[in-house]
Amino acid sequence: MEAIRIERVSQLKPKPEDEGALQFGKRFTDHMFLMDYKGDKGWHNPRIVPYAPIEMDPAATCLHYGQLIFEGLKAYRTKEGKIVMFRPEKNMERLNLSGDRLCIPPIDEEFMVGAIADLVRVEEGWVPGSEGTSLYIRPFVISTDAFLGVHPSDSYLLIVILSPVGPYYKGGLSPVRIYVEDNYVRAVRGGTGFTKCAGNYAASLRSQVEAEAQGYSQVLWLDGVEHKYVEEVGAMNVFFVLGDEVVTPALNGSILGGITRDSVLTLLRDWGYKVSERKVSMEELAEGYKNGSFKEAFGTGTAAVISPIGELKWGDVEMKLSDGKIGDLSQKLYDELSGIQRCEREDRFGWVYSVI
Ligand SMILES: *Cc1c(COP(=O)(O)O)cnc(C)c1O
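In structure tokens form, the structure reads like this:
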């Protein structure tokens, strides 16, 4: 791969004044990374350039048939002022997994981790340092052939943009209310549920809007065939504490393999918990709630790290968990994972990637 060309802006944007008040994904930094793909040339022309609108042919296939994949990861500023990322190579591996499903050509993963680190170094001044803040990194790939036909594109554009974000929970972790969706489905086996492709999220909006109108913050998705087994919560993986077992749905093709999920599984096994990746039905949860063995539930994802679930509503069944407080395991996992991500706890698994 050629060296990355860097073109700097002449006028920097003002930096956020109140880092703690930054909302998710609303502000963007001064520069972005771009790289082109063309069938006969492969990936080429990697560059860091001023953040700006991109020009595209209105017939570009991504706008019509949705060949669009993305990733989400974060850079953190540590107490010593260093900048680190969390398992970025896993995000690049998953970008290629998504790409393969959508016929998008593979990208050199190691090169991309380095390119993202270069971009973060250029934007060093944008990595916020106050409690709970981070720099959200959004790599994505779009198909750019100007062609109205359902066919893989021969040209693509890879873009990385950066957005400084505030703490997910202002004033600490807080439990969320979840609506169990038994009408709409997010994904089916054989489909694209295991990928981060744009269409999955477009298809989830209707359900999310209806759940919000009823006062719930997220939906819990059930399997697309029987509407019986748990899949995920919103755009997070989900874990349940059932008696002495910690359970998360097994990756089955329609569930997104979260990097936070994988990290949580690793920590739990290392701590000696009894952990299962298996099918878990709503009936089993409702039964466990009745007999007192279902004690705690939480979502996992890059944005919130750990999101404790305070309530699950499934038809007429209302399950209130952990007395509306943060469950012990949720808190313990949050402290450990966010501690590792900010270099305040020992990185025993080699998850931290040093940028500066
Ligand atoms: C991104 C995402 C997750 C969480 O993945 P992480 O790698 O932990 O951030 C879970 N489910 C869906 C549907 C997602 O899009």
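Here numbering that gives the first Met the number 0 is used: the first residue of the sequence shown is 0, the next is one more, and so on.
Every residue, glycine too, gets a C-beta built ideally from N, C-alpha and C.
Original post:
Where does alanine 114 sit, in a helix, a strand or coil, going by DSSP?
Top reply: Of the three classes helix, strand and coil, the one that applies to alanine 114 here is helix, per DSSP.
**OP:** With a threshold of 7 Å, establish whether the CB of asparagine 251 neighbours any heavy atom of ligand 1.
**Re:** Distance from the C-beta of asparagine 251 to the nearest heavy atom of ligand 1 is not below 7 Å.
Subject >> Any heavy atom of ligand 1 nearer than 6 Å to the CB - residues listed >> reply: That query returns the following residues: Gly71, Lys195, Glu231, Ala234, Met235, Asn236, Leu255, Gly257, Ile258, Thr259, Arg260, Thr299, Gly300, Thr301.
**OP:** Drop a sphere of 10 angstroms on the beta-carbon of cysteine 196, count the other beta-carbons inside from all chains shown, and report buried for 16 or more, exposed for fewer.
**Re:** When all chains shown are included, cysteine 196 counts as buried.
Original post:
Between valine 245 and the rest of its own chain, which residues show a CB-CB distance below 8 Å, the 5 nearest in sequence each way excluded?
Top reply: Taken in chain order, the residues that qualify are Phe238, Phe239, Leu267, Tyr272, Lys273, Val274, Ser275, Leu328.
Subject >> Chain-order list of residues whose beta-carbon lies under 6 Å from that of valine 229 (same chain, five-residue window excluded) >> reply: For valine 229, where only same-chain residues beyond five positions count, the Cβ hits under 6 Å are Pro248, Val279.
Subject >> Per DSSP, cross-strand counterpart(s) of serine 154 >> reply: Looking at the DSSP assignment, serine 154 forms a beta bridge with Lys37.
**OP:** Helix, strand or coil for arginine 137, going by three-state DSSP, please let me know.
**Re:** If DSSP states are grouped into helix, strand and coil, arginine 137 belongs with the strands.
Original post:
Between the C-alpha atoms of tyrosine 333 and valine 304, what's the straight-line distance to the nearest angstrom?
Top reply: Roughly 7 Å separates the two Cα atoms.
Original post:
What is the rounded straight-line gap between the Cα of serine 292 and the Cα of glycine 242?
Top reply: So the alpha carbons of these two residues sit roughly 5 Å apart.
Original post:
What residues match up with leucine 284 in a beta bridge as DSSP calls it?
Top reply: According to DSSP, leucine 284 bridges with nothing at all.
Original post:
Ordered along the chain, which non-local residues of its own chain (more than five positions away) have a Cβ less than 6 Å from that of proline 138?
Top reply: In chain order, Glu70, Val159 place their CB closer than 6 Å to the CB of proline 138, counting only its own chain and leaving out the 5 sequence neighbours on each side.
Subject >> Nearest candidate by alpha-carbon position, reference isoleucine 68, set Ala285, Ser142, Lys81, Glu54 >> reply: Of the listed residues, the one whose Cα sits closest to isoleucine 68 is Ser142.
Original post:
Taking buried to mean at least 16 other C-beta atoms within 10 Å of its own C-beta, is glutamine 66 buried or exposed?
Top reply: A residue is called buried once 16 or more other Cβ atoms fall within 10 Å of its Cβ, and glutamine 66 is buried on that count.
**OP:** State buried or exposed for leucine 147, treating a residue as buried only when at least 16 other CB atoms are found within 10 Å of its CB.
**Re:** So leucine 147 ends up on the exposed side.
Original post:
Within the chosen definition, does the segment 174-193 reach the segment 297-314 through at least 3 CB pairs nearer than 8 Å?
Top reply: Output reads yes: the segment 297-314 touches the segment 174-193.
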